[in-house]
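Now the structure itself:
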């Protein structure tokens, strides 16, 4: 049984390992969030905004040419069609309503590829709240369109200049800021990482993805359950959303595609399950890439959203228990998969999502198996990276 316990653990992964100064924030969130999100008022507002503002339900699209190539029935869950261009807005809508209910006045967030930053800036504009987004200096350079979108929406973008200047470092900066402003500030974490209750809370807001897959697949195939669900995993929020309602349905294979970067053994990788060991990262016990003395190893991926040295505790548990199957996709293969989808289906995916598509070449499945791939974001933000790569 895959579920979180009262202390925020999935098996041996999870919990809240935080500085004393953050305990009031975390306790306030933990004590109130389940009650708040269970109310009819919250659910009505959440569902209404998902429908009328985000554009849900997103389509479940049968990819006929991709299906023909791989001799399977391949459906794409079109999270790229959400307002802001990715699944991230499902979570930020939920958290901004929650923050308002908790009486918070200011929002902070971290972002890697910029999609969570844009989604946070978007809902802050919608709700009239002050917004500061922390983003690695390197990611600011390679995701410039999203930086400008955040600024247009009224957010302040603060560069993280330490370490690898990517998502890990942006998260460090955001957490430091939260420690210094614990009373009026809510931290909208963008993935299923961080201290309890964040991993489960974010997964809950994203679970609308698998909720819709079940009803849409029933309509299209006469069954709620596919044979496989495939999603990319950095921290893992889109995968958690796509897997959520299938955790305890063992006949559905859950395939997670991590970023192998230049190769698992190259020293330039972000393949946490292949390279990681148990440790504490950003407030939870999980699998992370670290040295023998516990120093975090700098990750690498061509995809800013997967450039993270750990995974969320639910994914660590899926890996550890064997419930999830994890593959490590190299930069070059992800880019080729992105071009293949573009040429076969007329859809340019985010490079994060492209990792999930290459997984089709790394796993075995039967002819005519029903496969759902979570197309978590669109490739507009990655055009510069596609252009620099140039392999098309």
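Residue numbers (UniProt numbering): 1 to 392.
Just so it is clear, CB atoms sit at the ideal spot from N, CA and C, and this is done for glycine as well.
Bridge partners - residue 308, DSSP secondary structure assignment
In the DSSP assignment, no residue is bridged to residue 308.
Starting from residue 114, follow the beta strand (DSSP E) in both directions and report where the run begins and ends.
That residue, residue 114, is in no beta strand (DSSP E); it is neither H nor E in DSSP.
Which of the three DSSP states is assigned to residue 287 in this structure?
Residue 287 falls in the strand class under three-state DSSP.
In whole angstroms, give me the CA-to-CA distance for residue 263 and residue 192.
Their Cα atoms are separated by approximately 25 Å.
Between residue 279 and residue 290, how many whole angstroms is the CB-CB distance? I'm expecting something under 8 Å.
The beta carbons of residue 279 and residue 290 sit about 5 Å from each other, so the pair counts as a contact at 8 Å.
Am I right that residue 308 and residue 270 are in contact with their C-beta atoms under 8 Å? What's the rounded C-beta distance?
With 8 Å as the limit, residue 308 and residue 270 qualify as a contact, their Cβ atoms being about 6 Å apart.
Quick check on DSSP: helix, strand or coil for residue 258?
DSSP places residue 258 in strand when its eight states are reduced to three.
Near residue 161, what residues of its chain come up, given a Cβ to Cβ distance below 7 Å and the 5 sequence neighbours on each side ignored?
If we look at residue 161 and ignore the five residues flanking it on each side, its Cβ neighbours are 137.
One or two residues paired with residue 86 in a DSSP bridge
377, per the DSSP bridge assignment.
Kindly confirm or deny that the region 146-163 and the region 122-132 touch, where touching means at least three C-beta pairs closer than 8 Å.
Cβ pair count under 8 Å is three or more, so yes.
How big is the Cα-Cα spacing for residue 175 and residue 108?
So the two alpha carbons sit approximately 9 Å from each other.
Return the first residue and the last residue of the beta strand (DSSP E) that residue 394 is part of.
The structure shown has nothing for residue 394, since the chain only spans 1 to 392.
Could you check the C-alpha separation between residue 144 and residue 222 for me, to the nearest Å?
Across the structure, residue 144 and residue 222 are spaced so that their CA atoms are roughly 43 Å apart.
Going by C-alpha to C-alpha distance, which of 15, 78 and 5 sits closest to residue 216?
Of the residues 15, 78 and 5, the one whose Cα lies closest to the Cα of residue 216 is 78.
Hey, is residue 67's beta-carbon within less than 7 Å of any beta-carbon in chain B?
Among the chains in the structure shown there is no chain B, since it carries only a single protein chain.
If you check the beta carbons only, do residue 231 and residue 374 fall under 7 Å apart?
Yes, the pair counts as a contact, with Cβ atoms nearer than the cut-off.
In angstroms with no decimal places, state the Cα-to-Cα distance between residue 342 and residue 14.
Going from the Cα of residue 342 to the Cα of residue 14 covers about 38 Å.
Delimiting residues of the beta strand (DSSP E) encompassing residue 78:
Run containing residue 78: 73-78, per the beta strand (DSSP E) assignment.
Residue 139 vs residue 378 beta-carbon contact at 7 Å
Remark: C-beta atoms of residue 139 and residue 378 do not approach each other more closely than 7 Å.
Over what stretch of residues does the beta strand (DSSP E) that includes residue 324 continue unbroken?
That run of the beta strand (DSSP E) goes 324-330.
Could you name the residues of the same chain whose beta carbon sits closer than 6 Å to that of residue 354, not counting the 5 residues immediately before and after it, in chain order?
Closer than 6 Å at the Cβ level, and outside the excluded window around residue 354, lie 334, 337 and 338.
Collapsed DSSP secondary structure at residue 130 in the structure displayed:
Looking at residue 130 - three-state DSSP - the assignment turns out to be strand.
Please give me, in chain order, every unbroken run of the beta strand (DSSP E) with length at least 3 that falls completely inside the region 200-276.
With a minimum length of 3 residues, the continuous beta strand (DSSP E) runs that stay inside the region 200-276 are 228-232 and 253-261.
Which residues does DSSP pair with residue 343 in a beta bridge?
Paired residues: none, contrary to the question.
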